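Asks: Those letters in the sequence shown? Residues 21 to 347, per our numbering, in order.
Once you've had a glance at the structure underneath, I'll fire off some questions.
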Amino acid sequence: MAEWLYEAGIGEARAALVDGDEILEARIEREGVGPRVGAIVAARLVEAGKAPMVALGWPGAPMASLTGLPPATAMGAALTVEITRMALRERGRDKPARARVAEAGAVIGDGPDLRSRIAATGVPVTELRATAPDRLEQAGWSELIDHIRIGHWPFAGGALWVDATPAMVLIDIDGEGDALALAKAGAKAAAAVIRCCDIGGSIGIDFPSLPDRTGRQAIDAAVDAALPQPYERTAVNGFGLMQIIRRRDRPSLIEQVVLDPLATDAALLLRQAERAVGAGTLTLTARPAVTDHIAAHPAWIDMLQNRTGRPVQLTADAASKGTGHAQ
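Next up, the structure:
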């Protein structure tokens with residue numbers, strides 16, 4: 021039976037919808053990323069006209085684009101807004117959050133967190149502890165993160181190459197043998213990645229070229245059978261390309277992992293440190309950027325010391341690769 025595995029980690033919360041030992045959906049929510057979808061936030065109008073912008077009453081005063089602005093609202097006016105899309109990071113640029121004017125009487129507060137959102141699905145939630153068996157790892161959490169980092173997802177008979185570009189997420193289906201069989205297997209694999217990583221916005225899937233209409237229709241049907249609604253899509257064209265549009269409220273797992281590798285490595289190292297076996301000083305060794313990132317969050321170090329009962333030491337090693345290690 022499917023269940024959510026939830027882990028309140030240090031620096032990030034993580035969750036996986038698993039069925040047996042297979043991860044169907046994976047989510048992370050990092051500390052300090054800004055107001056969540058559904059947050060009610062005080063704001064100040066800083067740009068009017070056709071593209072209004074507000075400065076949010078949030079640490080760092082992040083910007084948000086605004087809809088529903090009453091006519092003749094004065095510059096600098098105090099507003100209460102609701103976040104409808106979180107801020108997004110893209111390669112080479114960031115996109116501000118989106119907001120709308122909140123309904124009268126709306127109460128200031130953040131939107132539902134990851135724990136609340138998975139509970140709202142109605143699927144049972146199991147909360148994990150670092151002292152218990154690592155069920156996330158047993159389900160393939162590290163392998164999933166590695167696939168995302170590399171952009172390479174093998175499946176029986178072929179592989180996907182996945183790249184998040186500023187325009188869209190591109191999924192290329194690569195392999196040998198019968199084109200229709202490869203395309204069908206690739207359709208199922210691509211749909212699984214889209215669901216697992218919560219990829220939204222515009223998605224392009226490049227299938228092997230199929231000259232006959234019947235074969236292309238079979239691929240359309242394979243995608244529809246594997247990818248849960250809601251979404252819109254085009255039919256596979258003669259060049260093998262399908263475009264899918266899905267709602268995009270928050271960053272996908274691919275965007276979080278690939279476009280913020282420093283936060284990814286820091287969170288993974290802290291997760292490893294929570295599970296390190298031993299006594300005495302707990303030493304976290306990693307490249308300087310990672311140790312500096314952790315050192316800049318002393319609350320994380322305090323939390324790690326409290327959870328493990330061990331004093332923590334950060335050691336920068338310029339020769340260290342990737343996540344580093346804890347012992």
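In this text, a Cβ means the ideal position worked out from N, Cα and C, and glycines have one as well.
Being a predicted model, the structure only gives us computed values, none of them experimental.
Quick check on DSSP: helix, strand or coil for residue 78?
Replies: The residue given as residue 78 occupies position 58 in the sequence shown. Coil.
Asks: Run the CB neighbour count on residue 186, radius 10 Å, all protein chains shown included, and call it buried at 16 or more, exposed below.
Replies: Here the question's residue 186 lines up with position 166 in the sequence shown. Exposed.
Asks: Once the 5 residues before and after residue 86 are set aside, which same chain residues still bring their CB inside 6 Å of it?
Replies: For this step, residue 86 is matched to residue 66 along the sequence shown. Excluding sequence neighbours, residue 86 sits near 72, 74 and 119.
Asks: Taking the alpha-carbon of residue 308 as reference, which of 83, 282, 138 and 200 has the nearest alpha-carbon?
Replies: Numbered from its first residue, the sequence shown carries residue 308 at position 288. Taking only the C-alpha atoms, the option nearest residue 308 is 282.
Asks: Do the CB positions of residue 193 and residue 177 come within less than 7 Å of each other?
Replies: Sequence index remark: in the sequence shown, residue 193 carries index 173 (1-based). Sequence index remark: in the sequence shown, residue 177 carries index 157 (1-based). In this structure, residue 177 does not lie closer than 7 Å to residue 193 by Cβ.
Asks: How many Å lie between residue 328 and residue 294 at the Cα?
Replies: As a first step, residue 328 must be located in the sequence shown, where it is residue number 308. As a first step, residue 294 must be located in the sequence shown, where it is residue number 274. The straight-line gap from Cα to Cα measures roughly 6 Å.
Asks: Based on the DSSP secondary-structure assignment, which residues constitute the bridge partners of residue 26?
Replies: What you label residue 26 is simply residue 6 of the sequence shown in a count that begins at 1. Answer is 35 and 147, bridged to residue 26.
Asks: Note down, one range per segment and in chain order, each alpha helix (DSSP H) of at least 4 residues found wholly within the segment 61–149.
Replies: If we require 4 residues or more, the alpha helix (DSSP H) runs fully inside the segment 61–149 come out as 134–139.
Asks: Among all the DSSP beta bridges, which residues are the ones paired with residue 175?
Replies: In the sequence shown, the residue the question calls residue 175 occupies position 155. Per DSSP, 178.
Asks: Give every residue of the same chain whose Cβ lies closer than 7 Å to the Cβ of residue 170, excluding the five residues on either side of it in the sequence, and list them in chain order.
Replies: As a working mapping, residue 170 is identified with position 150 in the sequence shown. No residues qualify anywhere along the chain.
Asks: Within its chain, find whatever has a CB closer than 8 Å to the CB of residue 140; leave out the 5 residues flanking it on each side and keep chain order.
Replies: Translated into positions along the sequence shown, residue 140 becomes position 120. Only 132 meet the Cβ criterion.
Asks: Please give the ranges of any alpha helix (DSSP H) in the segment 217–305, keeping only runs that are unbroken, at least 4 residues long and fully inside the region.
Replies: Listed in chain order, the complete alpha helix (DSSP H) runs (minimum 4 residues) inside the segment 217–305 are 233–246, 273–279 and 281–294.
Asks: On the CB-based measure, 16 or more other CB atoms within 10 Å of its CB, does residue 204 come out buried or exposed?
Replies: Taking the first residue of the sequence shown as position 1, residue 204 is located at position 184. The residue in question, residue 204, is buried, as its Cβ has 16 or more Cβ neighbours within 10 Å.
Asks: List the whole-angstrom C-beta distance separating residue 57 from residue 109, where the pair is believed to meet the contact cut-off of C-beta under 8 Å.
Replies: Taking the sequence shown and counting its residues from 1, the one referred to as residue 57 is at position 37. Taking the sequence shown and counting its residues from 1, the one referred to as residue 109 is at position 89. Their Cβ separation, rounded to whole angstroms, is 16 Å, which puts residue 57 and residue 109 out of contact at 8 Å.
Asks: Taking 7 Å as the threshold (C-beta atoms), are residue 26 and residue 147 in contact?
Replies: Along the sequence shown, read from residue 1 onward, the residue named residue 147 stands at position 127. Along the sequence shown, read from residue 1 onward, the residue named residue 26 stands at position 6. It is a contact, given that the beta carbons lie within the stated cut-off.
Asks: Given 8 Å as the limit, is there contact between the segment 90–102 and the segment 35–54, that is, 3 or more CB pairs closer than that?
Replies: Not touching, per the Cβ criterion.
Asks: Where does residue 345 sit, in a helix, a strand or coil, going by DSSP?
Replies: Here the question's residue 345 lines up with position 325 in the sequence shown. Reduced to three states, the DSSP call for residue 345 is strand.
Asks: Roughly how many whole angstroms lie between the Cα atoms of residue 302 and residue 340?
Replies: Along the sequence shown, one-based indexing puts residue 302 at 282. Along the sequence shown, one-based indexing puts residue 340 at 320. Using only the alpha carbons, I get a separation of about 17 Å.
Asks: From residue 221 to residue 150, what distance separates their C-alpha atoms?
Replies: Within the sequence shown, numbered from 1, the residue matching residue 221 stands at position 201. Within the sequence shown, numbered from 1, the residue matching residue 150 stands at position 130. Between residue 221 and residue 150, the C-alpha separation is close to 35 Å.
Asks: The beta strand (DSSP E) that contains residue 332, what's its start and end?
Replies: Locating residue 332 in the sequence shown gives position 312, counting from the first residue. First-last of the beta strand (DSSP E) with residue 332: 332–336.
Asks: With respect to the alpha helix (DSSP H) encompassing residue 310, which residues constitute its N-terminal and C-terminal limits?
Replies: Along the sequence shown, one-based indexing puts residue 310 at 290. Per DSSP, residue 310 belongs to the alpha helix (DSSP H) from 308–315.
Asks: In chain order, what residues of the same chain lie with their CB nearer than 8 Å to the CB of residue 66, ignoring the 5 residues before and after it?
Replies: Counting from 1 along the sequence shown, the entry for residue 66 is found at position 46. Here the set comprises 73, 74, 75, 83, 95 and 96.
Asks: With DSSP as the reference, please indicate the residues paired to residue 209 in a beta bridge.
Replies: Counted from its first residue, the sequence shown places residue 209 at position 189. None, per the DSSP bridge assignment.
Asks: Measuring alpha carbon to alpha carbon, tell me which residue in 230, 163, 136 and 99 is nearest residue 68.
Replies: As a working mapping, residue 68 is identified with position 48 in the sequence shown. Comparing Cα positions, the closest option is 99.
Asks: Looking at residue 235: is its Cβ nearer than 7 Å to the Cβ of residue 180?
Replies: Walking along the sequence shown from the start, residue 235 turns up at place 215. Walking along the sequence shown from the start, residue 180 turns up at place 160. Going by C-beta atoms, residue 235 is not nearer than 7 Å to residue 180.
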